[in-house]
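Visitor: Protein chains in written order, with our numbering: chain V, 1 to 297; chain C, 1 to 413. Positions of the beta carbon are idealized from the N, C-alpha and C atoms, including for glycine. Quick one: the structure is below, and I'll ask about it shortly.
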């Protein structure tokens, strides 16, 4: 335990700002998960590994001498096709089945992706340099790296573009119709197979964006995908499916929670606190649901 | 059909069983070849360092065989290594050690990569009384278990950053310093931490920040904020490559000013290459550096080794390769002094090792650790955009001057 943050309350500003900025990035990953969970009823355990793969695409560009920030455009394009291919190869076989089977299938995909990334990019930890500076506030006590600001701005932009696309475009409407009632949509002429493939592709593309941003702000390693999966899972179960403002708010909330846990409990409990919170929320929700059921009786 | 299949399975298993029993009858020395066994990580999370280890072993085998091999009883023998891939998995490593000993009949072992895997294998080699010279397990706990057949050519982990504290005290005019430290919670980093605690006690220094880092570390802002607030004289970080990379990235982003920064795993993380100028002035613990003046007759000195290794494998040797090569020189020396292939005689000869290799002096302490070689510290220094590691401590082997204190970020371009 460390109470420095209470002795110097200015640090709370730092923790809150960091939490919100990183939370927006988490929310973007979670939004992708919520989208395909809602449409296809699949919980994608490989979500975090798609993120890391997206990061490696940006890193590869960086190695080739291109500024890694361009990864936020290139990476989603490539990842869209990776997602599409993944759907055609594996997911279409489990999409209408039991939830448990899809969890197993995506868990398998996660392992395969980890090993492939390890094989292709090596087991070393890597970073991509953006060369962005830092803004100092309050007499240099609070620092805001431009890379995290950049990542938050890009995340918001992509979220806005996606919302507009889902509202206005034909495919977007088809996706929303399928999410509401897949059978009815099919009867009315929606090619649900295509909708599923596109949804999975869009999810992978969002992961690609997030990955490129993580390559700039944090570090990449083939085996660090899982924490991102858990975080987005948590954000989604708190926010519910198909509710973007709630996803954004719970993403930022999680980010701030993590930062405070980091300062008060210590960095070693950062991910642990996320898991703990997940358990508490699941228990709490169950508790709430069981009370509701009694009410209905 | 079913019957035939059954018969086939029975026959095959019978043949395999016979082969397995026969091969264990071969054992250690076949004709003029001494067979060594090694499980190294060729896949999985340690694969890059596993390959460095294997390359180090291979280069030494080639060199020693070319230079006349090992002379025992007036006859010259050649080295050969049987490798298995342990997949960076301790359980697998222990199984493979059993397999090497029981099925392949290996009587002498080389170590795997990492402390964790060495820890998994050591009980097995100990059980069968197989001498193992290892080059990549530095954890102090390996040397406190009373193992009799384990010998490590490298310095134990608790020595990694002790020198840095001494250096900080020296620069402070012999007065105690304020230490901030952040360590990952794994066996290796915790050993490094114990070393710092010892050094702090010895010099009367105070530890004002003592943070722990998680395995999945990619953010250590909380520690750095504390460093900013409490202004220690030296910041010590050990969390493998991700610790080194994260620390430098966030120290630069948050413009944390600290007079001295000491770390581990800088060369494995390719710090000076990945972070360039931002990594300048960082002090890094290392087992070996090519500029050290140690010598032997097989590889010449460090610079020659560096050249030969680069020519053979196409990249400059990290210290993991150098220490692995040294392990074979130690084995050769022990065989020749034992003048026998008897396991216990070889073990006794290993125990009495006292020699210099291009990698450093080697003499084993009671627990099997190397007590003759100090750790070195290098500092990252940049000229323009090109950054290099310069050896700055201990003073006896240092090739360059230690730059202290680190200039503040407002003065760095």
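Among the candidates 274(C), 84(C), 86(C) and 56(C), whose CA atom is the shortest distance from the CA of residue 329(C)?
Guide: It is 56(C).
Visitor: Would you say residue 272(C) and residue 380(C) are within 7 Å of each other, going by their C-beta atoms?
Guide: Yes, the pair counts as a contact, with Cβ atoms nearer than the cut-off.
Visitor: Can you round the beta-carbon distance between residue 418(C) and residue 250(C) to whole angstroms, since I take them to be within the 8 Å contact cut?
Guide: Outside the shown range of chain C (1 to 413) lies residue 418(C), about which nothing can therefore be said.
Visitor: Since residue 186(C) meets chain V, which of its residues come closer than 8 Å, beta carbon to beta carbon?
Guide: Result: empty, since nearest Cβ-Cβ is about 11 Å, beyond 8 Å.
Visitor: Determine the contact status of residue 41(C) and residue 86(C), defining contact as a CB-CB distance below 7 Å.
Guide: Yes, they are a contact pair.
Visitor: In the DSSP assignment, find the unbroken alpha helix (DSSP H) run with residue 62(V) in it and report its ends.
Guide: First-last of the alpha helix (DSSP H) with residue 62(V): 47-63.
Visitor: Alpha carbon to alpha carbon, how far is residue 193(V) from residue 245(C)? Give it in angstroms, no decimals.
Guide: Whole-angstrom Cα-Cα distance: 44 Å.
Visitor: Are at least three pairs of beta-carbons, each pair with one atom in the segment 217-225 of chain V and one in the segment 206-213 of chain C, less than 8 Å apart?
Guide: Segments in contact, no.
Visitor: Can you confirm whether residue 123(V), when its beta carbon is compared against all beta carbons of chain C, has any partner nearer than 7 Å?
Guide: Taking Cβ atoms only, chain C reaches closer than 7 Å to residue 123(V), which makes this a yes.
Visitor: Mind checking whether residue 162(C) and residue 137(C) have CB atoms under 7 Å apart?
Guide: Cβ atoms of residue 162(C) and residue 137(C): not closer than 7 Å.
Visitor: In terms of residues, what are the limits of the beta strand (DSSP E) holding residue 382(C)?
Guide: Per DSSP, residue 382(C) belongs to the beta strand (DSSP E) from 376-383.
Visitor: Consider the Cβ of residue 266(V): report whether some Cβ of chain C lies at a distance smaller than 7 Å.
Guide: It does: the Cβ of residue 266(V) has a partner Cβ on chain C nearer than 7 Å.
Visitor: Answer yes or no: does any C-beta atom of chain V fall closer than 7 Å to that of residue 247(C)?
Guide: So no, residue 247(C) is outside the interface.
Visitor: By Cβ distance, which residues of its chain are closer than 7 Å to residue 378(C), with the 5 residues on each side in sequence left out?
Guide: For residue 378(C), where only same-chain residues beyond five positions count, the Cβ hits under 7 Å are 284, 286, 289, 389, 390, 391 and 392.
Visitor: Go through the segment 244-293 of chain C residue by residue and report every complete run of the alpha helix (DSSP H) that reaches 4 residues or more, in order.
Guide: Segments of the alpha helix (DSSP H) lying fully in the segment 244-293 of chain C: 271-275.
Visitor: Considering only the beta carbon of each residue, do residue 23(V) and residue 251(V) sit closer than 7 Å?
Guide: Cβ distance < 7 Å, so residue 23(V) and residue 251(V) count as in contact.
Visitor: Identify which residue in 205(V), 98(V) and 133(V) has its Cα closest to the Cα of residue 409(C).
Guide: The residue with the shortest Cα to Cα distance from residue 409(C) is 133(V).
Visitor: Are residue 356(C) and residue 156(C) touching if we call contact CB-CB under 7 Å?
Guide: Result no, Cβ atoms of residue 356(C) and residue 156(C) do not sit closer than 7 Å.
Visitor: Leaving out five residues on either side along the sequence, give the residues of the same chain with a beta carbon under 8 Å from the beta carbon of residue 234(C).
Guide: Closer than 8 Å at Cβ, skipping near neighbours: 164, 165, 168, 177, 178, 179, 180, 258, 259, 260, 261 and 262.
Visitor: I'd like the ranges of any beta strand (DSSP E) spanning at least 3 consecutive residues and lying wholly in the segment 316-362 of chain C.
Guide: 354-357, all fully within the segment 316-362 of chain C.
Visitor: Closest Cβ-Cβ distance between residue 241(C) and chain V: below 7 Å?
Guide: So yes, residue 241(C) belongs to the interface.
Visitor: Out of 208(V), 210(V) and 179(V), point me to the one whose CA is closest to residue 195(V)'s CA.
Guide: Ranking 208(V), 210(V) and 179(V) by Cα distance to residue 195(V) puts 179(V) first.
Visitor: Looking at the ligand HEM, does it come within less than 6 Å of residue 372(C), judged from the CB to the closest heavy atom?
Guide: As far as ligands go, the structure on display features none, and thus does not contain the ligand HEM.
Visitor: Within the 7 Å Cβ cut-off, does residue 227(C) reach chain V?
Guide: It does not; no Cβ of chain V falls within 7 Å.
Visitor: What are the boundary residues of the beta strand (DSSP E) that includes residue 372(C)?
Guide: That residue, residue 372(C), is in no beta strand (DSSP E); it is neither H nor E in DSSP.
Visitor: With DSSP as the reference, please indicate the residues paired to residue 33(C) in a beta bridge.
Guide: In the DSSP output, where bridge partners are listed per residue, residue 33(C) has 30(C) and 78(C).
Visitor: Going by C-alpha distance, which of 174(C), 191(C) and 131(C) is nearest residue 144(C)?
Guide: For residue 144(C), the nearest C-alpha among the options comes from 191(C).
Visitor: Buried or exposed: where does residue 296(V) fall if 16 or more other Cβ atoms within 10 Å of its Cβ makes it buried?
Guide: The predicted position of residue 296(V) is uncertain, since its pLDDT is 46 and thus under 50; a value taken from the coordinates is nonetheless stated next. Exposed, because fewer than 16 other Cβ atoms sit within 10 Å of the Cβ of residue 296(V).
Visitor: Do the CB positions of residue 312(V) and residue 105(V) come within less than 7 Å of each other?
Guide: Nothing in the structure corresponds to residue 312(V), since chain V is present only between 1 and 297.
Visitor: Measure the CB-CB distance between residue 145(V) and residue 280(C) and report whether it falls below 7 Å.
Guide: No, these two residues do not count as a Cβ contact at 7 Å.
Visitor: Which two residues bound the contiguous beta strand (DSSP E) that contains residue 388(C)?
Guide: Start and end: 386-393.
Visitor: On a CA-only basis, which of 326(C), 384(C), 395(C) and 102(C) is nearest residue 300(C)? Give me that one, please.
Guide: When only C-alpha atoms are compared, the closest one is 326(C).
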